[in-house]
Each structure stands twice: as structure tokens, then as C-alpha cells.
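With the working numbering applied, the sequence shown corresponds to residues 4 to 310, in that order. Think of the CB as a built atom: it goes at the ideal place given N, C-alpha and C, for glycine as much as any other residue. Note that this is a predicted model, so its numbers are computed, not measured.
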Amino acid sequence: MSETPRIAVVVVTYNSARVLADCLQSLAAGARGADLVQVIVADNASRDESVPLAERAGATVVPLGRNAGYAAAINAGIAALDREGHLGRVDAVAILNPDCRTREGALTRLAAALHAPGRGIAVPRLISPDGHTHPSLRRAPTVRGALAEAVIGGRLADRVGRLGEVITDPRRYRTPGTAAWATGAALLVSVAAVRDLGPWDESFLLYSEETEFALRAADRGWTLWYEPEAVVEHIGGEANVNPVLAALLTTNRVRLFRRRRGPVSSLAFYLAVVLGEALRALAGRRTARASLVALLRPSRRMRVLPR
């Protein structure tokens, strides 16, 4: 990586005009001290003002023509960088949700973190607009972790023997270090890792695509590094209240585990997730009810994203 890091950015949009302007405006500060070579907005057929807004901000818009999902948009954005010759001119590619705002020097600090040998992905500290740190770091999914989360909940599972997949300990978010994976709202991937790993898996549509990418990176010897001095504000949280998205998130977790593990472990993981969603559904949680239906009735699972 060069002394002054060269960065390209891919922002994925779908009817994102409400937040996109702030995201794009923040990139200059986020890349302070780096060379921001190109900004791509990969648009999933937005019907609002996302495209003209991006064009007015000077970004290159890559239209997908349909709501193809997060991974497909990332792939389209990176392919556009490659076609235009920019991928060969940069050291790393930032992937951002449109509801992210990069704080001063965030992308530059992530690029510095990628200097160490073997680091392929760097992720920032994600904060909410009120400054609260999101629990964005994750352990690799396990049957034991899924069962603990089902019975006692994710936060308590993390406190009891670090069983949970979600890392909730505030002390962890003050310290740089490795993680199995992290939420995909904001991350920086070295170009070497981009070329080695190839496309993101488009079959997931939304959710678990970042998990698959990070675990596949680890399989090939790339480390994911968390850098708390790089700060990105992220609104997020729709899957916590939207039953359709919650069901997609849950079923994708099971699909990914099944893809990577044997049939016995996969069945145990599935049953643990079903148990957890059933308990939460009995407690009256609408998102859990939708997830439980999708788990038990494959015909009810989302195959195509809404237009």
C-alpha cells in the first residue's frame, strides 16, 4: 500500500435519498489524508431522488436496473471500478451503506490498519447518531452460541462464557483487534483481497453476505481487523422492526451455516434458531413470528427483493 493511501468508495443505494446526501458529503472528511480516487453509487433501481442526488454530488452512478440486493450492488460497483481502470489505481475499496457518515479520517485510519501483512478487511467503530457504539463485531456462528442465544438471549450469552455470536462487551470496542466478522454497513477491503476473493455471494440478497465474505476471507488467510479510532456514524436497525427483513436475516443465518458445516451440525443449528424464534414469538415479538414462519415453511421465504 502506498504512503498516501488511495481509496475508492462503493455506496449501495435503494430509495436512499433521505440519507445519501449526508453520506456522500462526509466522504471528503472521512478520506482526509488519503487520495479519494473514485466514488461509485451502485443503485438498486431507486424510485426516489437517489440517482440525481448522487450525480449532483459528483459520484459515478452504476444502475442495476432492479433491486438485486446488497452483494449484487457491491459486485456491480467493483466491476465498474475495474472497467474504468480505477481498481488498479487504488489500494482499497470502501463499502458503505447510504445511511453511514464517515467521521474525520475514518477511511484513512482503516487504510493504515491494512498495512499489516495478512489484513484484508478493516472495519470501523460504528456509532449511532447520538454517539452510542453499535455492537458490530461478531464471533463465528456455532451451535452452542445459537442455543445460548435462544435460551438466555444474545447479550446475556455474550456475558456468560462469551457464548453469543454478537460481541457486546464495551471494553472490546475500545481496543483494536481481530474479529471473525462484522456487520457490513461500513468496511474497507484491500484490493489484493478483492482480487483474491472474487465476487460477493449474491444469493443472500440482504444479510449474511458480509458474514460469508469475511469467513471466506479467513478461509484464504485474510484477517478482519477492527479499528476503533476509525469512526463511522450509522443509522441502521431496520431488521429489528421490519418482520420481512427480520425473517430474511434469520433464514440467511441458517443457510450460511448449512453451507459451511455438515448435516448434523446444521440441523442442530437450525433447531436452536427455531427454538429462539419460537420463544420470542410467544413473548409477542412480530419479527420473531415472521422469522419462525419462514424457518418452518420454506415456501414463505423471500426469493426476490421488493421493487
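Boundaries of the beta strand (DSSP E) in which residue i is found, first to last residue
i      : result
Thr105 : Cys103 to Thr105
Gly123 : Arg122 to Ile130
Ser193 : Ala189 to Ser193
Ala97  : Ala95 to Leu99
Residue i - DSSP class collapsed to helix/strand/coil
i      : result
Thr136 : strand
Ile155 : helix
Gly180 : strand
Asp38  : strand
Thr30  : The amino acid occupying residue 30 in the given sequence is Leu; Thr does not appear at that position. Three-state result, Leu30: helix.
Asp46  : strand
Leu90  : helix
Thr16  : strand
Thr145 : coil
Arg9   : strand
Leu227 : strand
Ala116 : helix
Ala286 : coil
Residue i versus the options, residue with shortest Cα-Cα distance
i      : options                           : result
Glu230 : Leu140, His237, Gly224 and Thr16  : Leu140
Met305 : Asn255, Ala281 and Glu280         : Asn255
Leu299 : Val277, Ile43 and Gly72           : Val277
Gly36  : Ala115, Arg283 and Asp133         : Ala115
Ala297 : Ala286, Pro309 and Glu280         : Glu280
Phe207 : Ala220, Tyr176, Ala250 and Gly167 : Ala250
Asp102 : Leu285, Ala20 and Val267          : Ala20
Asp133 : Gly72, Glu232, Gly265 and Gly239  : Gly239
Glu87  : Ala220, Val40 and Leu67           : Val40
Val15  : Thr7, Leu209 and Glu107           : Leu209
Arg292 : Ala48, Val257 and Pro246          : Pro246
Thr290 : Thr253, Leu84, Pro309 and Arg264  : Thr253
Arg261 : Arg165, Trp203 and Pro144         : Pro144
Glu6   : Arg283, Gly72, Gly61 and Asp38    : Asp38
Val235 : Tyr17, Ala34 and Thr63            : Ala34
Pro142 : Ala83, Val267 and Glu213          : In the sequence as presented, Pro is not what sits at residue 142; that position holds Arg. Measuring from the Cα of Arg142, the nearest candidate turns out to be Glu213.
Tyr17  : Ile10, Asp46 and Gln28            : Asp46
Glu232 : Asp204, Ala74 and Val126          : Val126
Pro309 : Asn70, Leu166 and Ser29           : Asn70
Ala24  : Pro8, Ile10, Arg9 and Val44       : Val44
Asp199 : Gly148, Ile124 and Pro266         : Ile124
Gly61  : Arg128, Leu27 and Leu159          : Leu27
Leu117 : Glu107, Ser294, Arg258 and Arg9   : Arg9
Arg147 : Gly167, Ala11, Thr136 and His135  : Gly167
Endpoints, the alpha helix (DSSP H) within which residue i is located
i      : result
Ala297 : Arg289 to Leu299
Arg175 : Unbroken run through Arg175: none, as it is neither H nor E.
Asp222 : Glu212 to Asp222
Proximity test, Cβ basis, 7 angstroms: residue i and chain B
i      : result
His137 : Structure shown: chain B not included; a single protein chain is present.
Taking only runs that begin and end inside the stretch 58-85, name each unbroken beta strand (DSSP E) of 3 or more residues, in chain order.
As far as the stretch 58-85 is concerned, its whole beta strand (DSSP E) runs of at least 3 residues are 63-66.
Segments of 3+ residues assigned as beta strand (DSSP E) that fall wholly inside the stretch 229-280
If one requires a minimum length of 3 residues, no beta strand (DSSP E) run lies completely within the stretch 229-280.
Counting pairs of Cβ atoms below 8 angstroms between the stretch 217-227 and the stretch 107-117, do you hit three or more?
no
Is it the case that the stretch 183-191 contacts the stretch 145-161, given that we only count it when at least three CB pairs across the two stretches are under 8 angstroms?
With the cut-off at 8 angstroms, the stretch 145-161 and the stretch 183-191 do not touch.
Would you check if there are 3 or more beta carbon pairs closer than 8 angstroms linking the stretch 191-200 to the stretch 92-109?
Verdict: yes, contact present.
If contact is defined by three or more beta carbon pairs under 8 angstroms, each pair taking one atom from either stretch, is the stretch 155-173 in contact with the stretch 259-271?
no
Is the stretch 75-83 touching the stretch 52-61 in the sense that three or more CB pairs, one from each, lie closer than 8 angstroms?
Because the criterion of three Cβ pairs below 8 angstroms is not met, the stretch 52-61 and the stretch 75-83 do not touch.
Below 8 angstroms, how does it come out for the stretch 36-52 and the stretch 178-185: are there three or more Cβ pairs, yes or no?
At 8 angstroms Cβ cutoff, the stretches do not touch.
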